[in-house]
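Residue numbers (this note's numbering), protein chains in the order written: chain A, 1 to 96; chain B, 101 to 196.
A short write-up of the structure that comes next.
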């Protein structure tokens with residue numbers, strides 16, 4: 001099981017536009033067969049910092065996510081509203 | 101809904117001891133009424149970096165977690181195996 005953290009730093013004044021596109025990405029991703037969880041979370045201490053927190057059955061499911069139509073359609077549009085691409089950390093969930 | 105990221109940097113050679121105590125904390129926390137998810141995830145690019153990724157119904161549930169017996173019992177023991185306390189980021193999940 002993979003757990004992915006994708007830190008996004010927004011450009012000032014772009015929150016509403018970012019959230020509108022992010023919502024579409026979240027809705028599409030949650031329908032993916034291999035996606036176990038997919039949330040966008042707002043850092044409570046840094047108003048321009050958001051994290052996509054994502055859980056996939058395995059690496060193949062994560063790859064399928066990145067190849068999906070919604071990913072290909074919306075991620076480039078998110079780039080318009082953030083200071084740079086996501087800072088992505090890929091983790092393996094401990095099997096407790 | 102709260103999503104909490106707790107970054108842990110382990111001291112060299114302490115992984116097995118850290119995981120043994122962390123497992124007890126994970127098992128106890130997953131039984132909490134207000135806990136929606138609680139995972140320990142190993143950063144695939146930094147062998148000493150682990151994240152507790154936690155989701156709670158609300159702030160009160162997160163407070164109950166920190167007041168719980170298992171938190172009080174095990175978190176101090178985790179300190180023996182990491183370079184410092186968790187680096188905690190508290191986030192609010194976007195209601196998509």
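From the three backbone atoms N, C-alpha and C, an ideal C-beta is built for every residue, glycine too.
- request: Mind reading off the beta-carbon distance from residue 104/B to residue 162/B? Whole number of angstroms is fine, and I expect it under 8 Å.
  value: 7 Å between Cβ atoms; contact.
- request: Return the residue from the list 159/B, 167/B, 176/B, 109/B that minimises the CA-CA distance to residue 140/B.
  value: Looking at the Cα atoms, 109/B is the closest of the given residues.
- prompt: Taking 8 Å as the CB-CB cut-off, is residue 10/A touching chain B?
  reply: no
The stretch 69-95 of chain A: positions lying closer than 8 Å to chain B by Cβ: 89, 90, 91, 92, 93, 94
query: With distances taken between CB atoms, is the gap from residue 7/A to residue 38/A smaller than 8 Å?
result: no
query: Tell me the DSSP bridge mates of residue 108/B?
result: In DSSP, residue 108/B forms a bridge with 150/B.
- prompt: Would you say residue 153/B faces chain A, with C-beta separation under 8 Å as the test?
  reply: yes
- request: Give me the Cβ distance between residue 35/A and residue 65/A, rounded to the nearest whole Å; I'm assuming they're in contact under 8 Å.
  value: Going by Cβ atoms, the distance from residue 35/A to residue 65/A rounds to 7 Å, so yes, they are a contact pair.
message: Quick check on the DSSP output: the beta strand (DSSP E) that includes residue 89/A runs from which residue to which?
response: Counted as a single uninterrupted DSSP element, the beta strand (DSSP E) harbouring residue 89/A occupies residues 87-93.
- request: From the DSSP output, read off the bridge partner residues of residue 82/A.
  value: DSSP lists 10/A as the bridge partner or partners of residue 82/A.
- prompt: In the DSSP assignment, what residue or residues form a beta bridge with residue 55/A?
  reply: 3/A, 37/A
- request: Output, in sequence order along the chain, the residues in the stretch 111-134 of chain B whose CB is closer than 7 Å to any CB in chain A.
  value: 119, 123, 126, 127
task: Output yes if chain B places a C-beta closer than 8 Å to the C-beta of residue 100/A; else output no.
output: Since the first residue of chain A shown is 1 and the last is 96, residue 100/A is not available in this structure.
task: Throw me the rounded Cβ distance for the residue 132/B and residue 168/B pair, which I believe falls under 8 Å.
output: 7 Å
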